[in-house]
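J.:
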Amino acid sequence: MDNFQVEQDALLQSNSGTHTLARGVEAFDKVYGLGYEVGHEDWSPYPRVNTLRQTFLDRPYEIDVERLRLVTQAYKDNEATPRILQCAYAFENVLLNSTLHIYEHDLILGEIAAPAKASPIYPEFSVDWIIDEILHSPFEERSNDQFYIRNDQDRAEILELCEYWKGKSANEIITAHLDDDQKKGSHMGEKVFQTNNYHFAGIGHFAMDFNKLMTLGYDGVLQQAKSAFEKLSKQDPEFSDKRDYYKATIISLEAAKKYIARYAKFANELASTEIDSKRKQELQTMSANCAQIAGGAPQNFWQAVQLFNFAVTLTQIEGNGHSISYGRMDQWLFPFYEKDVKERAVSKDFILELIEVLYVKMNNPTKLKDKGTVKVRNGRGFGGESLTIGGVDAHGDDATNDLTMLMLEASVHTRMMNPWVCVRLHENTPYELKIKTIECIRAGYGHPKLFNDGPAIKAMYSKGLSIEEARDYAVVGCVEPTIPGKEHGWLDAGYVNTAKMMEMVINGGRILSGPNAGLQLGPDTGSLETYTSFEEVLESVNKQFAYWCDQLCSCLNVTDKVHRMIKPTPYISAFFDGCIESGKDMTYGGVKYNGTAPQAAGIATCADSLASIKKLMFDDKKYSGKQLLDAVRDNWEGHEKLYALVNSSKIPHYGNDIDEADELFTFMFECFCKHIKGRKNPRGGKFSPGVYTVNANVGMGLYTNATLDGRKNAEPISDNMGPVHTAGGSHDISGPTAIVNSVTKVDHSLATNGTLLNLRFPEDAVSGVEGRDILVSFVDEYIAKQGMHVQFNIMSSEKMKAAQKNPEMYRDMLVRVAGYSAYFVELGKPLQDDLIQRTELRF
């Protein structure tokens, strides 16, 4: 028995499996509908929430110039100052001088130094693409993810300010530090792997220590930094670096306090002129809330929620990182809920309304991304704002409480892109929570996603955490488990297109077709024309993976070091264990646990390609290696019989509970994990593999030649842990149980950066009490078989096709894309088509 199991069993002995019934406002088994309804009525019982929701939908996506202006001014004024202090002064300048916004009906204040639904600009990371797209590929003319610059004056100012940043941004400096071998396979070359996420934007994918903030408030954290600064000795060889870190932290935290105090004053000024008595009282309360939390710890639920919103939006103002997630919100927020309810300070109804207002508010931040990124990753939000509920506590006991249920009710009442609600499940999850979760899923808006505590905790434990720490994991972004306030994991660090690596395997390391056909891209490890056994093919896979993982990881280490040079983040570092204690910013490795976590895309594409090679070339000996190569080189044209064969059930395909096929998937999965896991990064941590694509499989497919699974040029590669579906047909034909059996033949905990399985059912497949209970049993089976992560679309192909034809009628129809939900009509057509092509399952 391994150490994980010994420690897990010891701490589970006290777990009786009993629980106290957690209650929301509504019955746990309330039915919220079945799929999206055209012309639906308002979902929330609170008129304020419905008004705020509609206001959000009606606002345009804009680009705001103010942050760019204030940051540029601060950098110019402090050019000789150490970089971490430049960052702090820029943060301070934004917080003290940006325009404040308080919207009608709002109960929670704070934006990202830009109006609601408007994106700021972050020149610290990259500007070349901004200049290029303004001049040559206007943001408003994109096929999807359009943004609008308000006027020609703003357009001219953006161009002028961006000129200052040429040669100074992270992207340019990263590029200058990469060698030709690194570049040729990256997003700058043939796109075998893509690391542009952290070239063009800040590091995200973390959750801060909300417990620390809620307990100490800004004053308490500031005092920690000041005390550590006072103890700093000049005998310390790192004195100057630590001195600058502490100064930057103190500047940033004091700026945060002043910023919140500005809102307290502004709300009070509005209240003084407000004639509606109810709104006047709301503004006065919001002013008092801000006055309390500008320094002190929150005293009630409303103040805690207000402090939370400031803490997160300030993180987005400072660092631009996507997937700034909310941790286990039902756990860290529960003491404030419990206190208010016991003291009868507010009703549970008001608490639910406040959560719903917060949920709508969470959608206001938007993020401008380059055209290359939005081809791969559609979406105009910051992305990845996961909110984790449920699961076990540090002792292994179920942690469900009233807020767990209320947060699900708020999700189904608002039905918006954010937050990305994630329910942690385990063997003793209460029946009531499972039913409430399934009813939300059946409502067909793509939330929540489901995580299995078993493999997720095992994965976290294997990274060196204690079992108690591992049990406190939260999900950040689409997929990735992390420990709030203790881990800076550099999750979502880069995508590996394994289908392009397979192209190197079958063609001697050379590009197969297209304008660069024949170019030697990777090492020559053999080709289909030279292999004499299937074992040689597998060994070639292993060698190509080793080579390309070397290139990928070396690129990420360069990027890591440049972010340390260019954009330390002293504000957010204050809310992670180890930074104040060590005097090191999180970009320098100050956090207790550090990692770097890229992910593999297209594993099933590779597995089914291997199945074709094994079956046709070696087992049946019906086709030569040259014939197979010619077929994909010709994009299957003139090879129609072979094309039909590889897309048929005559080839054993992954996803059908066929051991022979599933073993090939397992081989690919484990090959990637072993070549990533354990490598060292510059912050003293280690690399961690993930196996998922989110929606990048569509964008990656655009740059990928035909593959031997029966995929044609530019078609999407396989998504996440799911089976292949090509224009020639879906490869999973044996139903959802067979898919689960195939998916769970691998040890998901090896992918310590997470896994993801998407499943889609038409509405009638899960209708009625019988359909609900079948879906509950299906999820129970997935949990029992140790799958890590699963999520559902409850939507027919016909409904999505109807939305393509009449988008105005389906404006707020959410779909589960991958780790996130998005408005279907706002997605690019290639991604819409990929969603439609995914197998429609029935029990």
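Each residue of the sequence shown is one higher than the one before, starting from 479 at the first, in this note's numbering. All C-beta atoms in this analysis are idealised placements derived from N, C-alpha and C, irrespective of residue type, glycine included.
1) Could you tell me the distance, in whole angstroms, from the CA atom of S940 to the CA atom of D950?
2) What are the boundary residues of the alpha helix (DSSP H) that includes G797?
3) Is it the case that the stretch 1020–1029 contacts the stretch 992–1011, given that we only count it when at least three CB pairs across the two stretches are under 8 Å?
4) Which residues does DSSP list as the beta-bridge partners of S1299?
5) So which of F1150, Q1105, V901 and V1221 has the shortest CA-CA distance to D1137?
6) Along the beta strand (DSSP E) that carries Q1077, what are the first and last residues, could you check?
7) Grouping DSSP H, G and I as helix and E and B as strand, with all else coil, what is T577?
8) Leaving out five residues on either side along the sequence, give the residues of the same chain with a beta carbon under 6 Å from the beta carbon of L639.
9) Please state whether DSSP places F1012 in a helix, a strand or coil.
10) In three-state DSSP terms, what is R757?
11) Are the stretch 1218–1237 and the stretch 1182–1193 in contact at 8 Å, needing three or more beta carbon pairs?
12) Measure the Cβ-Cβ separation of A500 and T907 and say whether it is below 8 Å.
13) In terms of residues, what are the limits of the beta strand (DSSP E) holding E958?
14) Counting only runs of 4+ residues fully inside the stretch 795–865, write out the alpha helix (DSSP H) ranges in chain order.
15) Could you check the C-alpha separation between K1335 and F569 for me, to the nearest Å?
16) In terms of residue numbering, what span does the beta strand (DSSP E) encompassing H1267 cover?
17) Does the stretch 680–693 come close enough to the stretch 1053–1063 that 3 or more CB-CB pairs lie under 8 Å?
18) Any idea if Q713 is buried or exposed, counting beta-carbon neighbours within 10 angstroms, 16 or more meaning buried?
19) State buried or exposed for M1043, treating a residue as buried only when at least 16 other CB atoms are found within 10 Å of its CB.
20) Considering only the alpha carbon of each residue, which of K853, E917 and R902 lies closest to D876?
21) Going by C-alpha to C-alpha distance, which of G1080, A766, Q777 and L1319 sits closest to G695?
22) Does the count of Cβ pairs from the stretch 1259–1269 and the stretch 1103–1114 closer than 8 Å reach three?
23) Would you kindly work out how many angstroms separate the C-alpha atoms of V1218 and V790, rounded to a whole number?
24) My assumption, with CB atoms under 8 Å, is that V527 sits in contact with H891. Please give the rounded CB distance.
25) In three-state DSSP terms, what is F1321?
26) If we count the other Cβ atoms within 10 Å of its Cβ and call it buried at 16 or more, is E602 buried or exposed?
27) What whole-angstrom Cβ distance do A685 and V954 have, given they're in contact under 8 Å?
28) List the residues that DSSP assigns as beta-bridge partners of K1164.
29) Three-state secondary structure (DSSP) at I1050?
30) Kindly indicate if chain D contains any beta-carbon less than 8 Å away from that of I562.
31) Taking all protein chains shown into account, do 16 or more other C-beta atoms lie within 10 angstroms of the C-beta of Q660, making it buried, or fewer, making it exposed?
32) Tell me whether R822 is buried or exposed, calling it buried when 16 or more other Cβ atoms sit within 10 Å of its Cβ.
33) Going by DSSP in three states, Q702 sits in which element: helix, strand or coil?
34) So what does DSSP say about A488, is it helix, strand or coil?
35) Hey, would you say M1178 sits closer than 8 Å to N975, going by beta carbons?
T.: Let me spell this out:
1) 14 Å
2) F779 to G797
3) yes
4) R1294
5) V1221
6) Y1071 to A1079
7) coil
8) L546 and T550
9) helix
10) helix
11) no
12) no
13) E958 to T960
14) 807–810, 812–820, 826–839 and 849–854
15) In this structure the chain extends from 479 to 1321, so residue 1335 is not present and cannot be described.
16) H1267 to I1272
17) yes
18) exposed
19) exposed
20) R902
21) Q777
22) no
23) 36 Å
24) 7 Å
25) coil
26) buried
27) 6 Å
28) G1073 and K1158
29) helix
30) Although the question refers to chain D, the structure presented lacks it and comprises just one protein chain.
31) buried
32) exposed
33) helix
34) Since pLDDT at A488 reaches only 46, below the 50 mark, its modelled position is unreliable, and no value is offered.
35) yes
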